[in-house]
Amino acid sequence: MLLVYRQDYSHSSDMGVRGSGHFKVGFYANFNVQNIAQEWVEESKRLLYLRTINNVKKNIYNGTTPLRAGNLHHELPEDHRVLNNHYYLHDRRDHVSSMSIVNRCDSTELVNHSMINQPARYVSAPVNVVNNSVKQLSAPSGSKVETLWLDSSLADNPLHTSEAASELDDKAHDGDYKRDCKIVAQKVIPSLPITESFSKESENARKVLAGIYDKVMIVDNIESARSVVQLLRTKYKGFIHACDTEVSNINVKEETPVGHGEVICFSISSANSDSQAADFGNGKTCIWVDVLNGGRDVLMEFAPFFEDPSIKKVWHNYSFDRHVIENHGIKVAGFHADTMHLARLWDSSRKTDGGYSLEGLTNDHRVMDAVPEDLPNAGKTSMKTIFGRKKVRKNGSEGKNISIESVEKLQREDRELWICYSSLDSMSTLKLYESLKSKLQEKDWVFDGCPRGTMYDFYEEYWRPFGDILVKMETEGMLVDRTFLSEIEKTAVAEREVAAEKFQKWASKYCPDAKYMNVNSDTQIRQLLFAGIENRHKSGETWPQSRTFKVPNQEFVATEDKKTSKCRTIKLYGIVDDLKIDMFTPSGWPSVSGDALRSLAGKIPTEHIYSIDDNQGDDEGTGGSEDLKQDVDDKSSYGTAYEAFGGGKKGKEACHAIATLCEICSIDSLISNFILPLQGDHISCKEGRIHCSLNINTETGRLSARTPNLQNQPALEKDRYKIRQAFVAAPGNSLIVADYGQLELRILAHLTNCKSMLDAFKAGGDFHSRTAMNMYQHIRDAVEEERVLLEWHPHQDAFAAERRKAKMLNFSIAYGKTAVGLSRDWKVSVKEARHTLKLWYRDRKEVSAWQKRQKELAHEKCEVYTLLGRSRRFPNPAHVRSSQRGHIERAAINAPVQGSAADVAMCAMLEIERNTRLKELGWRLLLQVHDEVILEGPEESADAAKAIVVECMSKPFYGTNFLKVDLAVDAKCAKSWYAAK
DNA sequence: GGGCCAAGCGCC
DNA sequence: AAAGGGCGCTTGGCCC
1 MLLVYRQDYS HSSDMGVRGS GHFKVGFYAN FNVQNIAQEW VEESKRLLYL RTINNVKKNI
61 YNGTTPLRAG NLHHELPEDH RVLNNHYYLH DRRDHVSSMS IVNRCDSTEL VNHSMINQPA
121 RYVSAPVNVV NNSVKQLSAP SGSKVETLWL DSSLADNPLH TSEAASELDD KAHDGDYKRD
181 CKIVAQKVIP SLPITESFSK ESENARKVLA GIYDKVMIVD NIESARSVVQ LLRTKYKGFI
241 HACDTEVSNI NVKEETPVGH GEVICFSISS ANSDSQAADF GNGKTCIWVD VLNGGRDVLM
301 EFAPFFEDPS IKKVWHNYSF DRHVIENHGI KVAGFHADTM HLARLWDSSR KTDGGYSLEG
361 LTNDHRVMDA VPEDLPNAGK TSMKTIFGRK KVRKNGSEGK NISIESVEKL QREDRELWIC
421 YSSLDSMSTL KLYESLKSKL QEKDWVFDGC PRGTMYDFYE EYWRPFGDIL VKMETEGMLV
481 DRTFLSEIEK TAVAEREVAA EKFQKWASKY CPDAKYMNVN SDTQIRQLLF AGIENRHKSG
541 ETWPQSRTFK VPNQEFVATE DKKTSKCRTI KLYGIVDDLK IDMFTPSGWP SVSGDALRSL
601 AGKIPTEHIY SIDDNQGDDE GTGGSEDLKQ DVDDKSSYGT AYEAFGGGKK GKEACHAIAT
661 LCEICSIDSL ISNFILPLQG DHISCKEGRI HCSLNINTET GRLSARTPNL QNQPALEKDR
721 YKIRQAFVAA PGNSLIVADY GQLELRILAH LTNCKSMLDA FKAGGDFHSR TAMNMYQHIR
781 DAVEEERVLL EWHPHQDAFA AERRKAKMLN FSIAYGKTAV GLSRDWKVSV KEARHTLKLW
841 YRDRKEVSAW QKRQKELAHE KCEVYTLLGR SRRFPNPAHV RSSQRGHIER AAINAPVQGS
901 AADVAMCAML EIERNTRLKE LGWRLLLQVH DEVILEGPEE SADAAKAIVV ECMSKPFYGT
961 NFLKVDLAVD AKCAKSWYAA K
């Protein structure tokens, strides 16, 4: 059988293949296939042998001068050698090219493509290049390049079908094919053409990395797996084992590791508590297990190791590895530490130097300096550095883009180095663990002002079990109702269409092309409303008077011409002069955010936005203020656009149109941020549950959620399509949604020991109303005369404006908001804002004193502390710009409050997790949204479980609450998240 | 086509 | 001069 693999090269502007071009089986139409086959057979008699990859590698690792191509040719023995030196070829392509096609080709480039680019990475056969094909390579730009392969053992069957190819593939995959065939061609995926090469940096890193090879015990069969596992479970049972997996079949950017990804190999490095490394034979301190070649059975041999809760395992990013291992049916236990969390606990502010990546941490001497004997190569080197290749241009200069082969391929074809790379992960994780542990052991732990051991003790008591909980929650996931989502998608899209048409119609009266504008583009909106405006920061820089944009050609598919171009170019110019601007973006241009636009439009009720009368109900205010109750036709309710567009009917229309624009934006954002992603196949998997990733990766110790972020699902009135209704309990189950009331304010009261606040919480009633009362004499009078109660009902608020102000202040002050900020929010003078602030602080002197103290701490110690004693570090305020200093001071005020609230929420979750009754009833934590937790469990025990959850949350410290305030908890059972609010 | 940035917006 | 903390994610626009 003759297999003809063909690859198409693009010859347009640059030579070479991008990304992951796949070989296609087929034949080149311009050739006579029979002739080629014949010719091929002829040519293949002149065989070209190359050294095995091992020999080649050895030379390179040893640092000996690589053999020159000519030499290589001569030195090759007569017998068959594995042509498996893709790696070498890449490095020494000039030599190879001069050697390889030497006699038949004068173009280096051609040789590169035809000869080296794809071959033979697995091919254990002599190969050659057909003259014709080579010639074809030199064809003018736009022509195709052929690569031909001969499987001479099957040469009797000159077939060119894709079936044949895939059959061969399957064989290769099963591993049979090497045994059965002496000479074969295997399908190759040539994602890296020869026009890519390693950089100098890579070369060096590869040399260094190769040095650890003899420390690694390679396990690729059941027997060796058994003996190693035996060691792990007996002699080294009490050791600390750093583990790391390499994983295939997952797109980590888009997919959750729950149900996605397979382990292709893993490594384990072990040491005892005195940092003495284990010896797995001949001084090898690390095990590297080949799951790809060894097979799944080899992995399963390690199940008793992974599942033993008494064998301590350390990971860097435990969550990912655990999920992937569990994909193979192994229940991971014995979680001992996550070095990412340790690092975060040590310093929560690593923004640069690689952040909390294993590479960044292990190469940072400030992190690693507690390791006693530091190996020179203890630091991880990224996959990109080791295996990434840069494109090389024709002139020999290096390009910018770096590409990396698939991990499976690296493991097979760049094997030794891959083993080193993978093993180093567990080795450096172990070192990192040791260093961070000793650092944390040196850091005092002060719990709510009382000394209590070291921060490593803190880790063991809190963050270790917390880390385990988070992974469990990720595994649980939340059930989403996709049918429901697709229904609301229809509604949302329809409403968006109506609104978009309305706006475009209006805008096109002023600027015709606006009919086709992208209403989602800030730039285009800015072009219409603020053309010619000067930048607020950079004087002299002005926004252009008019600009052209490319927009997709949707409805306007060419009518007369046959030109159905995908894009059309539109020209937009300003449609209004002197529009008053009161909001700017950080870069100095007028803001076109929802707030800014609403301020232009004024208060326009939603029903005016849709031409069809589909009133969404009056809960959807566009301005949000309750005290603007004027008739919509009263022009005082219109915004600044009214006058700018000339008032009267035109002014009205403009305001309506701009309000419509806001609607479009908000609908768009709901669709693309929530409604669509929640239906994405890549996000939810088994049984329609969504598994986000929960991380302790914030500055303050709050959780964050990713892929998707379930912590920012629209809530309350913003949830116009009831997106939260899509988060449901499984049939027969119920959700419990429980949240703290004013958690941060209560924390603030405790931390500051503010009598007024403590009293207010003790007295109960509505906290914000009470704040308002304390601020304003006339409210106090009213309360004393019993004209009003300190309870709050949405529609019976006697002093709504005052309460709103008080509420805003309550939240703002914890964040360090200034008078200037308040004045802008409230659209009052700075003086007035300052006065209001003063009122707030008047009976809360302790708060100002405490805030002052936090700022001092930031200056003196460069860190502040939470309730449980975690710290947040800051750069030394003395060494930064004054604008940054302001930020540091505000963060210093906020971090203890936010961080302590996070501590309390964490304790509550630990408490819930510890509760055996809850577990017996079958309740599991699903999600945490800062001051709210969501659980799922059997409907019949919902009420009992709810009571337990409330109890856990209000006494989150091992069944007690030592705070000076009560912790108010509001909990509901419901079938959906929406219903529980 | 991928990577990056600015802007904007969702949550607490 | 700017002047509220903490997140994640999307789009558009631009560059390579």
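The opening position of the first sequence corresponds to residue 1 in full-length UniProt numbering, with each subsequent residue numbered one higher.
Each residue gets a CB set at the ideal place from its N, CA and C atoms; glycine is no exception.
{"Item": "Specify, as a first and last residue, the run of the beta strand (DSSP E) that L925 falls within.", "Value": "924-928"}
{"Item": "Could you give the residue range of the alpha helix (DSSP H) that holds L424?", "Value": "415-442"}
{"Item": "Locate the alpha helix (DSSP H) running through residue 1015, then write down its first and last residues.", "Value": "The structure shown does not extend to residue 1015, since the chain is modelled only from 1 to 981, so the question has no answer here."}
{"Item": "Tell me the rounded alpha-carbon separation between K972 and R366.", "Value": "48 Å"}
{"Item": "Between D448, A641, N327, which lies nearest to L528 when the distance is taken from Cα to Cα?", "Value": "A641"}
{"Item": "So for W792, helix, strand or coil by DSSP?", "Value": "coil"}
{"Item": "So, with DSSP's three-state summary, where would you put I311?", "Value": "coil"}
{"Item": "Kindly indicate which residue of T475, R412, I664 has the alpha-carbon position closest to the one of F503.", "Value": "I664"}
{"Item": "Are the region 927-934 and the region 762-775 touching, with three or more C-beta to C-beta distances below 8 Å?", "Value": "no"}
{"Item": "DSSP state of T352, grouped into three classes?", "Value": "coil"}
{"Item": "Just to confirm, are E434 and V371 a CB contact at a threshold of 8 Å?", "Value": "yes"}
{"Item": "Using DSSP's beta-bridge definition, name the partner residues of W288.", "Value": "I218, S267"}
{"Item": "Within 10 Å of its beta-carbon, does S882 have 16 or more other beta-carbons around it, so buried, or fewer, so exposed?", "Value": "exposed"}
{"Item": "Would you identify the three-state DSSP class for T256, choosing helix, strand or coil?", "Value": "coil"}
{"Item": "Less than 8 Å between the CB atoms is what I'm expecting for H750 and K964, so what's the real figure, rounded?", "Value": "5 Å"}
{"Item": "Helix or strand or just coil, what does DSSP make of T362?", "Value": "helix"}
{"Item": "Is the separation between the beta-carbon of I264 and that of Q441 shorter than 8 Å?", "Value": "no"}
{"Item": "By alpha-carbon positions, which one of V498, I747, N697, D970 ends up nearest to K351?", "Value": "N697"}
{"Item": "Can you tell me whether K200 is buried or exposed, with buried defined as 16 or more other CB within 10 angstroms of its CB?", "Value": "exposed"}
{"Item": "Which residues mark the beginning and the end of the beta strand (DSSP E) in which N695 is found?", "Value": "693-695"}
{"Item": "Check for me: the beta strand (DSSP E) holding I570 runs from which residue to which?", "Value": "567-573"}
{"Item": "Decide yes or no for the touch test of the region 333-342 against the region 309-322: beta carbon pairs closer than 8 Å, at least 3 of them.", "Value": "yes"}
{"Item": "Among Y421, L361, S349, which residue has its Cα nearest to the Cα of S202?", "Value": "Y421"}
{"Item": "Roughly how far, in whole angstroms, is the beta-carbon of S976 from the beta-carbon of F799, given that I think they are within contact range, below 8 Å?", "Value": "The Cβ separation is near 35 Å, so there is no contact."}
{"Item": "Rounded to whole angstroms, what's the CA-CA distance from M583 to E889? Just pull it up for me.", "Value": "25 Å"}
{"Item": "If A738 sits next to V519, beta carbons under 8 Å apart, how far is it from one beta carbon to the other, in whole angstroms?", "Value": "Contact flag wrong, Cβ pair sits at about 40 Å."}
{"Item": "Does the beta-carbon of T429 have 16 or more other beta-carbons within 10 angstroms, so that it is buried, or is it exposed?", "Value": "buried"}
{"Item": "In three-state DSSP terms, what is A164?", "Value": "Confidence in A164 is poor, its pLDDT being 41 and thus under 50, which makes the residue's placement unreliable; the coordinate value appears in the next sentence. Helix."}
{"Item": "Measuring alpha carbon to alpha carbon, tell me which of F447, V324, N251 ends up nearest C243.", "Value": "V324"}
{"Item": "Which class does S976 belong to by DSSP, given the choice of helix, strand or coil?", "Value": "strand"}
{"Item": "Does the distance from the CB of C754 to the CB of E856 come in under 8 Å?", "Value": "no"}
{"Item": "Using the rule of at least 16 other Cβ atoms within 10 Å of the residue's Cβ for burial, across every protein chain shown, is F811 buried or exposed?", "Value": "exposed"}
{"Item": "Skipping 5 residues on each side, what residues in its chain have a beta carbon closer than 7 Å to that of E163?", "Value": "With a pLDDT of only 40 at E163, under 50, the local geometry of the prediction cannot be trusted, and no value is derived from it."}
{"Item": "Can you list, in chain order, the residues of its chain with a C-beta nearer than 6 Å to that of Y978? Leave out the 5 residues immediately preceding and following it.", "Value": "K722, R724, Q725"}
{"Item": "Using a Cβ-Cβ cut-off of 6 Å (strictly less than) and excluding sequence neighbours within five positions of L232, which residues of its own chain qualify?", "Value": "F305"}
{"Item": "Consult DSSP for K817 and reduce its assignment to one of helix, strand or coil.", "Value": "coil"}
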